[in-house]
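Engineer: As you go down the protein sequences, you meet chains B and X in turn. All residue numbers for the first sequence refer to our numbering, where the first residue is 7 and numbers rise by one. All residue numbers for the second sequence refer to our numbering, where the first residue is -11 and numbers rise by one. For glycine and all other residues, C-beta sits at the position ideal for the given N, C-alpha and C. Values in this document were obtained by computation on a predicted structure and should not be read as measured data. What follows is a single structure, and I will ask about it in a moment.
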Amino acid sequence: MLTRILSVGLLAGLLAGLLIAALQQVTTTPLILAAETFEKPAVASATPAPPHSHAAGTAHDHGEGWKPADGMPRFFFTAITTVATAVGVAFVLMAAMVFAGAPIDEHHALAWAIAGFVACGLAPAAGLAPELPGSAAGDLVGRQLWWVGTAIATAIGLWAFLRTDHHPVVRLGAIVLLLAPHLIGAPHPHEFESKVPAEIAARFTALSLVVQALLWALVGIGVGLLWPKFAPKPAS
Amino acid sequence: MANTTASVIRTTERSDALRAAGVALILGLGLIFLTGFAYPEVIHNAAHDTRHSLSFPCH
């Protein structure tokens, strides 16, 4: 069983991750590179430099340690980490489905993946909009905790709400869980400081959610398609 | 007797599946933690564009 989950997760994550990495290269990454040109105080021009002229060593608040050089190395590391994230998503998706006793096929895996996107993408974005480098942001640890708490609360809330028994008390509890993170509220900065034009930030926020939705959907479809192919051979 | 044997096999299969799912969950959350949340600068910088693109809190 473990071999089956790991094989399907690695393969589905690899395929989905590579497709999403290619998509990121033409959607979100150019906007990140454009935003970074606004982070450098000297560059206050209204037009972002084209991505390939983005010079290394700008005033980026990442510290002075190693980072992949712009161009191919940066694409390579982004692709690797996107594939690793997709494999992680595939493992978590299958684990949740096995725990819940849901059948793993194309239809169910896609439905669970969409619920995963709602829990890890849409619900956290309602409090913490996907942000470009250079945006003002509250305390990192506080935001990460809120993000994780929201994802867990939303996942459990959705699962409880969509259970087949439809018990009113369970459903009421689910609604409380779904709303609680937003009533508590995400940590936010006290003032806005991004120099990135609002149009770029808005495009990035929308694209980031689309990319994330596609990542979950592709992982779901991949898991659903591959799961039957890795069925254990019946003992003869 | 046959029913009992079948149910024992089912229970064993279920507990095997739950154990496998537990391992997969830990591995999956570990991978997502590394790419999306871990603090060491090298990991942060390597995963930077992925974190922004998939809307993890980054800075």
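Of all Cβ atoms in chain X, is any one closer than 7 Å to the Cβ of B/Ala92?
Structural biologist: no
Engineer: Within its chain, find whatever has a CB closer than 8 Å to the CB of B/Arg149; leave out the 5 residues flanking it on each side and keep chain order.
Structural biologist: Leu134, Ala143, Ala192, Pro193
Engineer: Taking C-beta pairs closer than 8 Å, name the residues in chain X that B/Ser214 reaches, listed in chain order.
Structural biologist: His40, Ser41, Leu42, Ser43
Engineer: Cutting at 6 Å between CB atoms, please list the residues of its own chain near B/His58, excluding the five before and the five after it.
Structural biologist: For B/His58, the predicted model reports a pLDDT of 46, less than 50, meaning its position is unreliable; a value from the coordinates is still stated below. Counting only Cβ-Cβ distances below 6 Å, and skipping sequence neighbours, we find nothing.
Engineer: Measure the Cβ-Cβ separation of B/Val225 and B/Ala101 and say whether it is below 7 Å.
Structural biologist: It is not a contact, given that the beta carbons lie outside the stated cut-off.
Engineer: So with CB distances below 9 Å, who are the chain X contacts of B/Lys239?
Structural biologist: Result: empty, since nearest Cβ-Cβ is about 15 Å, beyond 9 Å.
Engineer: What residues from chain X crowd round B/Pro74, counting only those whose CB sits closer than 8 Å?
Structural biologist: Asn33, Ala34
Engineer: Between B/Leu24, B/Phe44, B/Ala204, B/Gly230, which has its C-alpha nearest B/Ala92's C-alpha?
Structural biologist: B/Leu24
Engineer: Hey, does X/Ile20 have any beta-carbon neighbour from chain B nearer than 7 Å?
Structural biologist: yes
Engineer: So, are the CB atoms of B/Gln30 and X/Ser41 less than 7 Å apart?
Structural biologist: yes
Engineer: When the Cα atoms are used, what is the spatial distance from B/Met103 to B/Ala96?
Structural biologist: 11 Å
Engineer: For a contact defined as C-beta to C-beta under 9 Å, what are the partners of B/Thr156 on chain X?
Structural biologist: Here the premise fails: no neighbours, minimum Cβ distance about 11 Å.
Engineer: Let's test the definition: count the other Cβ atoms within 10 Å of the Cβ of X/Asp37 and tell me whether it reaches 16, buried, or not, exposed.
Structural biologist: buried
Engineer: When we look at the beta-carbon of X/Thr0 and count the other beta-carbons within 10 Å, is it buried (16 or more) or exposed?
Structural biologist: exposed
Engineer: Give me the Cα-Cα distance between B/Ala314 and B/Ile11, rounded to the nearest whole angstrom.
Structural biologist: Residue 314 of chain B cannot be examined here, being either before or after the span of chain B that is shown, 7 to 242.
Engineer: Quick check on B/Phe44: buried or exposed, where buried means 16 or more other Cβ atoms within 10 Å of its Cβ?
Structural biologist: buried
Engineer: Enumerate in chain order the residues of its own chain whose CB-to-CB distance from B/Thr88 is below 7 Å, with the five nearest sequence positions on each side excluded.
Structural biologist: Gly23, Ile26, Ala27, Gln30
Engineer: Using 8 Å as the Cβ pair cut-off and three pairs as the minimum, do the segment 117 to 128 of chain B and the segment 148 to 165 of chain B touch?
Structural biologist: yes
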